[in-house]
Structures are given as C-alpha cells and as structure tokens.
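Visitor: Mapping of the sequence shown onto my numbering: position 127 corresponds to residue 122, and the numbering continues sequentially without gaps. Cβ atoms here follow ideal geometry from the backbone N, Cα and C, with glycine treated the same way. Predicted model, so just to flag it, every value in this text is computed and none were measured.
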Amino acid sequence: MSILDKARTCAVMCAIALGVASCNKSDRNLIDASSQEALLDSVDKIRVNLTDRAELDQLDVALADVARFSIDPQLIMEQAAKGRMPTKEEAFRTVKPLVDNLSKDELLVLAGKLRQNYKTQLATYDKQLVELRRRQKAAEEIGTKMANFTVIKADYANASASLSEAAGSLALRLKLTVQNNLDVPVSKAVMMVNFGPDGSLTPWLSQRVEKQFDKPLLPGQTADLEVFSYFSGVAKGAEEIKPVLDAAMLELTGADGKVFLAAPKWQAGDITQLNLLEAASAHIRGQLAMTATGMGSARTSQ
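(1) Alpha carbon to alpha carbon, how far is A287 from A59?
(2) In the structure shown, what three-state DSSP assignment does L54 receive?
(3) Within its chain, find whatever has a CB closer than 6 angstroms to the CB of K148; leave out the 5 residues flanking it on each side and keep chain order.
(4) Looking at S201: is its Cβ nearer than 8 angstroms to the Cβ of T248?
(5) Do A28 and D100 have their CB atoms nearer than 8 angstroms?
(6) What are the boundary residues of the beta strand (DSSP E) that includes L25?
(7) Under the three-state reduction of DSSP, which class applies to Q216: helix, strand or coil?
(8) For a test of the three-state rule: what should DSSP assign to P211, helix, strand or coil?
(9) At which residues does the beta strand (DSSP E) containing V179 begin and terminate?
(10) Please list, in chain order, all residues of the same chain as S276 whose beta carbon is under 7 angstroms from its beta carbon, the five residues on each side excluded.
(11) Give me the Cβ distance between V90 and V56, rounded to the nearest whole Å; I'm assuming they're in contact under 8 angstroms.
(12) Going by alpha carbons, who is nearest to M187 out of L213, T145, D219, L177?
(13) For F64 and R203, what's the separation of their Cα atoms in angstroms?
(14) Can you say whether L54 is buried or exposed, counting buried as having 16 or more other CB atoms within 10 angstroms of its CB?
(15) Got a sec, what are the start and stop residues for the beta strand (DSSP E) A257 sits in?
(16) Can you name the start and end residues of the alpha helix (DSSP H) that I137 belongs to?
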C-alpha cells in the first residue's frame, strides 16, 4: 500500500469516527462529542430535524470535511510512511474538541475554515516544493559538472616497517591521479576521498584532500597527488581496492583563485522532505477533490 493509499485510509477512519449515522428523533440540535456513541447519536438527532435535502447534503459534506481536514497532512504522511494508521479512538480524540457542542451552522463554518486551512497549507507546500526542486536540480547539474574532474587512477604502497610499527598499525601511501575534463583551468581541488577494500564498511583512508596545483590544471591535463594515512588491517591486493571520490564534497577553484564549483547542500534529509511534501501535497489535492465532488452532489440535489 502506497503512502497516499494509507493516507486515504486514515481520512476514512476519521470520517468513521465523526460518523454519518442513521436517524433517531430528538429535539436537541447540538453535537455531543462526550463519547463516540454520543457523537453518532447527536448527529442523527440534528439530521432528523432537517427536512430539506440540500441541508442534509450540506451536513454530510461538513461532517466529512471536518474528518478530512482536522489532521495535519504532513503528519498523516509521516505516520503512513512508517506503516502506522490511526485508530478510531485516535481519530475521535482529534475531532472531539473541534465539534463538541456545535450547532449545524457552526459545524458548517468550522468545515469551511478547516477546508481553507488545507488550501493555505497546500499553497505553502507548493512553494516549498518549488524551492526544493530548484535545489535538487542545481545539485544534479553541479554534480554532473563536478564529475568531469575525477580520479582516474589510484596506486597504493605500504610505508616503511618502522613507520608502521611506530603507529601501531599499517601505514599507507596513496597516490591519486586526477584529470580535468572541464573546459576551464583548475588551480585547486578539494575532495573527500575514501579508500579501501571494495564494499568495506570501514575504509583504510577517509580524508578531506586539498591540492593546490603548481600551475592551473588545463582542460584535458592530469596531475598526481599523494595522501598518507595509518590504518588497521592488511592490504590484500589491488583487485580488492577501490578508491571512491565523493563528488558531493568537491570544491574547485579556477585560475583566478575563485571557487567556481562547490557542491550545494543537498542531503538525504532534503530528499526525504521532498518526497514527504510531494505526498502531502497530492493528499491535500485528493481530499479537496473529494470535497468538490460532495459539494457538486449537494448542489445537484437542490
């Protein structure tokens, strides 16, 4: 079940908690939300005093809208993503303070207010989505450019035994060969390099590496740089080693000494937020569409 499907189920459960029940006669015209049973009974009593079909439809739409729009849509998405759905009791606790002791007309006003709040929230989400998508696109474009300045070769060698023994672990000299496939010179490169057995959770080397070139590295040129590190373990062979260049940490400086490419701040949390807001926005649009359908049916019955 998708996040949106789970969210729709949540909305249905809220509607069940609020209740659209069968008719019982009484003169009381206020909603009693002291319990779920009292809520159902009081709504029935309001309904039985309505003789106009349009008013009955308006009441039903208002009840459904309060159920739909009383819960924060982002909270719905967060809970749905975790695979947890609200119980009828939780849904009732949400709507109880909102509808208790309201008349039909007050309920209609409340439904309209909650509906408008959702529309306002949708506008806010859409604005946030525009910014997140802009940042995502910028990150992808810069990442594509940064990939043109890359490590093309990595050679390693164990350092002298004396250094290894002094450090209490093995010593590693790593020589990287980088190539500039950009169309501009690069005078300095900053990168995050991880080096070790392919698939290893703990690399032999994980360092932020800065290299100021003696002369700006022209398009198509290569250059070497060395990194020294101590590590625990044994280098078993080059075929088991794979250097990793983390382009997200890369920073490139041009011949004029100014940084012209720097990875934007776009992390896993941003992706999660983007997905969450997209789902929440789609959920709101779906709920508003259901309301519009209900209102259309109410007008048709007049």
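Guide: With the structure as the only source:
(1) For the purposes of this step, residue 287 is identified with residue 292 of the sequence shown, where counting begins at 1. For the purposes of this step, residue 59 is identified with residue 64 of the sequence shown, where counting begins at 1. Cα to Cα, the separation comes out at about 12 angstroms.
(2) The residue you call residue 54 lines up with position 59 of the sequence shown. In the structure shown, L54 sits in a helix (DSSP, three-state: H, G or I).
(3) Working through the sequence shown from its first residue, we reach residue 148 at position 153. So the qualifying residues of the chain are T172.
(4) The residue given as residue 201 occupies position 206 in the sequence shown. The residue given as residue 248 occupies position 253 in the sequence shown. No, the Cβ-Cβ distance between S201 and T248 is not below 8 angstroms.
(5) What you label residue 28 is simply residue 33 of the sequence shown in a count that begins at 1. What you label residue 100 is simply residue 105 of the sequence shown in a count that begins at 1. Contact flag unset, no.
(6) The residue you call residue 25 lines up with position 30 of the sequence shown. Premise fails: L25 is in no beta strand (DSSP E) and is neither H nor E.
(7) Locating residue 216 in the sequence shown gives position 221, where the first residue counts as 1. Three-state DSSP puts Q216 in coil, outside helix and strand.
(8) Stepping through the sequence shown from its first residue, residue 211 is reached at position 216. Here P211 sits in strand by DSSP.
(9) Taking the first residue of the sequence shown as 1, we reach residue 179 at position 184. Looking at the DSSP string, V179 is not in any beta strand (DSSP E), and its letter there is neither H nor E.
(10) For the purposes of this step, residue 276 is identified with residue 281 of the sequence shown, where counting begins at 1. Cβ neighbours of S276 beyond the five flanking positions: L117, Y120, D121, L124.
(11) For the purposes of this step, residue 90 is taken as residue 95 along the sequence shown, with counting starting at 1. For the purposes of this step, residue 56 is taken as residue 61 along the sequence shown, with counting starting at 1. Between V56 and V90 the Cβ distance is about 15 angstroms, and since that is not below 8 angstroms, they are no contact.
(12) Residue mapping note: residue 187 aligns to position 192 of the sequence shown, counting from 1. Nearest option by C-alpha distance: T145.
(13) Within the sequence shown, numbered from 1, the residue matching residue 64 stands at position 69. Within the sequence shown, numbered from 1, the residue matching residue 203 stands at position 208. F64 and R203: Cα-Cα distance of roughly 49 angstroms.
(14) Against the sequence shown, residue 54 aligns to sequence position 59. Its Cβ being crowded by 16 or more others within 10 Å, L54 is buried.
(15) Within the sequence shown, the letter at position 262 stands for residue 257. From DSSP, the beta strand (DSSP E) with A257 extends over 254 to 257.
(16) Start at 1 with the first residue of the sequence shown, and residue 137 comes out as number 142. Residues 99 to 141.
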